[in-house]
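Participant: Take a look at the following structure, please.
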Amino acid sequence: MKALRHPYILTGGAIALLLVAAAIFAPWIVSYEPDAIDLHNRYDAPSWNHWFGTDEIGRDVFSRVIHGARISLLIGVGARTMGLIIGVLVGSVSGYYGGKIDALLQRIVDITMAFPFLLLVISIAVIFSEGLWPVFIALSAVMWASMARLMRSQVMIAKEREYVAAARAFGASDARILIQHILPNTYAPGLIWWTMGLAHAIMAEAGLSFLGMGAQPPTPSWGSMINYGSQAIRVAPWVSLFPGAALAVTVLGFNLLGEGLRDVLDPRGQSQQAPDGQQ
Amino acid sequence: MGSYVIRRLLMMIPVLWGVITIAFFLSRLAPGDPADAMAGQRASEELRQQIREQYGFDRPLHVQYGLYLWNVMRGDLGLSYDSHRPVTAIIMERFPNTFRLAFSAMVAAVILGVSAGLISALLPNTWYDRITMFFSLLGISTPVFWLGLLLMYFVSVRMRLLPPSGFGDGGIQYLILPAITLGTQSVAFLARMTRASMLEILNEEYLRTARAKGASPFIVIVKHAFANAAIPVVTIIGLDFASYLSGSVLTEKVFSWPGLGRHIVTAIAQRDYPVINGTVLFFAVIFILINLLIDVLYAYLDPRIRYD
Chain A
1 MKALRHPYIL TGGAIALLLV AAAIFAPWIV SYEPDAIDLH NRYDAPSWNH
51 WFGTDEIGRD VFSRVIHGAR ISLLIGVGAR TMGLIIGVLV GSVSGYYGGK
101 IDALLQRIVD ITMAFPFLLL VISIAVIFSE GLWPVFIALS AVMWASMARL
151 MRSQVMIAKE REYVAAARAF GASDARILIQ HILPNTYAPG LIWWTMGLAH
201 AIMAEAGLSF LGMGAQPPTP SWGSMINYGS QAIRVAPWVS LFPGAALAVT
251 VLGFNLLGEG LRDVLDPRGQ SQQAPDGQQ
Chain B
1001 MGSYVIRRLL MMIPVLWGVI TIAFFLSRLA PGDPADAMAG QRASEELRQQ
1051 IREQYGFDRP LHVQYGLYLW NVMRGDLGLS YDSHRPVTAI IMERFPNTFR
1101 LAFSAMVAAV ILGVSAGLIS ALLPNTWYDR ITMFFSLLGI STPVFWLGLL
1151 LMYFVSVRMR LLPPSGFGDG GIQYLILPAI TLGTQSVAFL ARMTRASMLE
1201 ILNEEYLRTA RAKGASPFIV IVKHAFANAA IPVVTIIGLD FASYLSGSVL
1251 TEKVFSWPGL GRHIVTAIAQ RDYPVINGTV LFFAVIFILI NLLIDVLYAY
1301 LDPRIRYD
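Chains A and B, in that order, give the protein sequences.
Positions 1 to 279 (this note's numbering) are the ones given, in order, by the first sequence.
Positions 1001 to 1308 (this note's numbering) are the ones given, in order, by the second sequence.
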């Protein structure tokens, strides 16, 4: 397997595996409950008992960081997958049928991408009450657009291929041609898009929680831990710095994985995608 | 060139209309009676009624939509639920601070990022190149708000070199840390992009020709190579600047910088919908305008684009 020898895929994959393991086995890895309060040990510095120290009400920061991986992965993978599904549907219809429906769908894509990414996510999420669902809905509602654009171009290229003409000559329906013949040939750009944007989705979730939206206390989300911890940066920097480091390593891991996959699966850069926007 | 700019300006209209439409529906989806919220709890029924009439909250949705479009075009984005001041006035007051931060971050990022990328491209696969590329990947992956806290902790709290947050009297010492925080991702992106596009161009035949006819290495690199490599770099600069102007929300919150981004955070906490939607709309328009400016600049740098 050429892919497994790529240094970016190796490093990024190892980080991703560690993260998944932390999320699944969180209760067995840590020795404290993530929301167990211990007022006698507020703001304890990192020690053998509390590897990452304790926070403002004596909760174990290490335990919260490990449990935080669950939220990050859940929202990241969830929103990215939902964005992928919507994007593939819209992009396939747009690219396959062309004409007026394509023009209409592409204008919707244009408008979605005309908004600064984080701000559009904020203005959608703020309509709902606080919690993780609004973040998931808002991220999915914004992230599909770049996938739709990528998918449209892939379908437009694929539909001119001979095997599609052959399938059509045999009387295959549009849906059958799309699902059985075109989509399987566009998996590589889709996979790269999904992986590269995972880092972005995780960072956006953390950003929203940092702003006080998204996960609410006592849910251990890295973003809200950084937010609450930042208020005590002078006396207890570990409360915000460790969750931030976990977030940075996670984002780095998925960025490496995405770049590595692109090197291996798409050396000519055909799946170069428009970014979702930055913060 | 003139007709290209006009065509691009015309193409902006449907996108702007769509953006305003989305902002309208987002503002109507927000819970609560906007007239009650705009007037405040202690306001008289007359004032509430006056606001309802002014913004058409008592009329059918399509009329409300028409009024919204009309108001937005006149620059009226409604009243803040919290301060009862016009949203446009708040934006005009706060935006210069956001601009100052974004501009400083961008200038620093361009100088550092482009020069690091240029040196990397001229010394490919050396230690310098590998270290620069590693740090640039690290820079792209570091969440801005975490980087801000790191800098605040080490530079301000531990070393006491700079003030940790705030605006003070507006002195440059308050600007340095937020600008570094905001600009780091751009330094990383610009270094990677400059390196990649320079490497591509350094192999082109016209550079060999330039060298063969005896041009000095400096002239070859600056005049022939970099002038051509600059196009994708300009795109990144423009896109990043647009997103800084429209989204320094996180950095402004970390450093309590009194810009528009910080204000939107306060508005979110108070669920002050006119401020949130008005600011998002304002940012989206800026975002679109800067994108247009990049396209025009692009057409100027590479005349082939105009004929597409």
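Just so it is clear, CB atoms sit at the ideal spot from N, CA and C, and this is done for glycine as well.
1) Assign Thr54(A) to one of three DSSP states: helix, strand, or coil.
2) DSSP three-state label for Leu1077(B), please.
3) Distance check for Ile29(A) and Ala21(A), CA to CA, integer angstroms please.
4) Could you give the first and the last residue of the continuous alpha helix (DSSP H) run that contains Arg42(A)?
5) Under a three-way DSSP split, which group does Leu1293(B) fall into?
6) Work out the CA separation of Gln1185(B) and Gly253(A) for me, nearest whole Å.
7) Per DSSP, Pro1086(B) is paired with what?
8) Can you check whether the C-beta of Gln213(A) is within less than 8 angstroms of a C-beta belonging to chain B?
9) Using the Cα positions of Glu56(A) and Tyr1128(B), report the straight-line distance between them to the nearest angstrom.
10) Nearest by alpha-carbon distance to Leu1016(B): which of Lys1253(B), Thr1251(B), Thr1088(B) and Met1073(B) is it?
11) For Met1159(B), go through chain A and note every residue whose CB falls closer than 9 angstroms to its CB, in chain order.
12) Can you list, in chain order, the residues of its chain with a C-beta nearer than 8 angstroms to that of Ala1179(B)? Leave out the 5 residues immediately preceding and following it.
13) Have a look at Ala103(A) and Leu1079(B) and give me their C-alpha separation to the nearest angstrom.
14) Can you name, in chain order, every residue of its own chain whose Cβ lies under 6 angstroms from the Cβ of Phe1241(B), other than the five neighbours on each side?
15) Helix, strand or coil for Asp263(A), going by three-state DSSP, please let me know.
16) Relative to the C-alpha of Leu18(A), which candidate in Ala246(A), Met225(A) and Asp263(A) has its C-alpha closest?
17) Below 9 angstroms on C-beta distance, what does Arg5(A) contact in chain B?
18) Using alpha carbons as the reference points, say which of Gly87(A), Gly58(A), Glu162(A) and Glu160(A) lies closest to Tyr32(A).
19) Check whether the Cβ of Leu1199(B) lies closer than 8 angstroms to any Cβ atom in chain A.
20) Taking Cβ positions only, does Leu19(A) come closer than 8 angstroms to chain B?
21) Just checking: is the beta-carbon of Leu119(A) within a distance shorter than 8 angstroms of some beta-carbon in chain B?
22) Quick one: using the 10 Å Cβ neighbour count with 16 as the cut-off for buried, is Ala274(A) buried or exposed?
23) Note down, in chain order, every chain B residue with its Cβ under 8 angstroms from the Cβ of Ala199(A).
24) Using a Cβ-Cβ cut-off of less than 7 angstroms, give me the residues of the region 1012 to 1027 of chain B that come near chain A, in sequence order.
25) Find the residues of chain B that neighbour Ala324(A), judging by a C-beta separation of less than 7 angstroms, and give them in chain order.
26) Can you grab the Cα-Cα spacing for the pair Leu84(A) / Ala148(A), in whole Å?
27) Under 6 angstroms Cβ to Cβ from Arg1052(B), same chain only, skipping five residues before and after it: list those, please.
28) Suppose contacts are defined by Cβ-Cβ distances below 8 angstroms. Is Thr195(A) in contact with Ser72(A) by that definition?
29) What would DSSP say about Asp35(A), mapped onto helix, strand or coil?
30) Listed from N- to C-terminal order along the chain, which residues in the region 248 to 263 of chain A have their beta-carbon within a distance smaller than 9 angstroms of any beta-carbon of chain B?
31) Can you tell me where the alpha helix (DSSP H) holding His181(A) begins and where it ends?
32) Leaving out five residues before and five after Leu105(A) in sequence, what residues of the same chain have Cβ atoms less than 6 angstroms from its Cβ?
33) So, using beta-carbon positions, are Gly1261(B) and Val1280(B) closer together than 8 angstroms?
34) Which residues bound the alpha helix (DSSP H) around Tyr283(A)?
35) Can you give the beta carbon distance from Gly76(A) to Glu205(A), rounded, assuming they're within the 8 angstroms contact cut?
36) From this set, Gly1148(B), Asp1076(B) and Gln1050(B), which residue's C-alpha is nearest Lys1253(B)'s C-alpha?
Facilitator: Let me lay it out:
1) Correct three-state label for Thr54(A): strand.
2) Coil at Leu1077(B), not helix or strand.
3) Using only the alpha carbons, I get a separation of about 10 angstroms.
4) From DSSP, Arg42(A) is part of no alpha helix (DSSP H); its letter is neither H nor E.
5) Under the three-state reduction of DSSP output, Leu1293(B) falls in the helix class.
6) Between Gly253(A) and Gln1185(B), the C-alpha separation is close to 16 angstroms.
7) Bridge partners of Pro1086(B): Leu1079(B).
8) The question names Gln, yet the displayed sequence has Met at residue 213(A). Residue contact check for Met213(A) against chain B: a CB pair falls below 8 angstroms.
9) Spanning the two alpha carbons is a distance of roughly 43 angstroms.
10) Selection Lys1253(B), Thr1251(B), Thr1088(B) and Met1073(B) evaluated against Leu1016(B) yields Met1073(B) as nearest (Cα-Cα).
11) None at all; the shortest Cβ gap to chain A is about 13 angstroms.
12) Apart from the 5 residues on each side of it in sequence, Ala1179(B) sits with its Cβ closer than 8 angstroms to the Cβ of Leu1101, Ser1104, Ala1105 and Ala1108 in its chain, given in chain order.
13) One Cα belongs to Ala103(A), the other to Leu1079(B), and the distance between them is close to 36 angstroms.
14) These residues qualify, in order along the chain: Met1106.
15) Residue state, collapsed to three classes: helix.
16) When the alpha-carbon of Leu18(A) is set against those of Ala246(A), Met225(A) and Asp263(A), the nearest one is in Ala246(A).
17) By Cβ distance, chain B contributes nothing, its closest Cβ being about 18 angstroms from Arg5(A), past 9 angstroms.
18) Distances from the CA of Tyr32(A) to each of Gly87(A), Gly58(A), Glu162(A) and Glu160(A) were compared; the closest alpha carbon is that of Gly58(A).
19) Not a single C-beta of chain A is nearer than 8 angstroms to the C-beta of Leu1199(B).
20) The beta carbon of Leu19(A) does not come within 8 angstroms of any beta carbon belonging to chain B, so the residue lies off that interface.
21) Yes, its Cβ sits closer than 8 angstroms to a Cβ of chain B.
22) Unreliable positioning characterises Ala274(A) in this predicted model, as indicated by a pLDDT of 44, which lies under 50. A coordinate reading is not provided.
23) Under a criterion of Cβ atoms nearer than 8 angstroms, the residues of chain B adjacent to Ala199(A) are, in order, Ser1141.
24) Per Cβ criterion, the list reads Pro1014, Val1015, Gly1018, Val1019, Ile1022 and Leu1026.
25) For chain A, the structure presents residues 1 to 279; residue 324(A) sits outside this window and is missing.
26) So the two alpha carbons sit approximately 8 angstroms from each other.
27) Only Ala1035 and Asp1058 meet the Cβ criterion.
28) No, the Cβ-Cβ distance between Thr195(A) and Ser72(A) is not below 8 angstroms.
29) In the three-state DSSP reduction, Asp35(A) falls in the coil class, being neither helix nor strand.
30) So the list reads Ala248, Val249, Thr250, Val251, Leu252, Gly253, Phe254, Asn255, Leu256 and Glu259, given in the order they occur along the chain.
31) It is not in any alpha helix (DSSP H) - His181(A) carries neither H nor E in the DSSP assignment.
32) Cβ contact annotation for Leu105(A) (same chain, cutoff 6 angstroms, sequence separation greater than five): Val90 and Ser94, in chain order.
33) No, they are not a contact pair.
34) Residue numbering for chain A in the displayed model covers 1 to 279; residue 283(A) lies beyond these limits and cannot be assessed.
35) Indeed, because the Cβ distance is near 7 angstroms, the residues count as touching under 8 angstroms.
36) In terms of CA proximity to Lys1253(B), Gly1148(B) leads the group Gly1148(B), Asp1076(B) and Gln1050(B).
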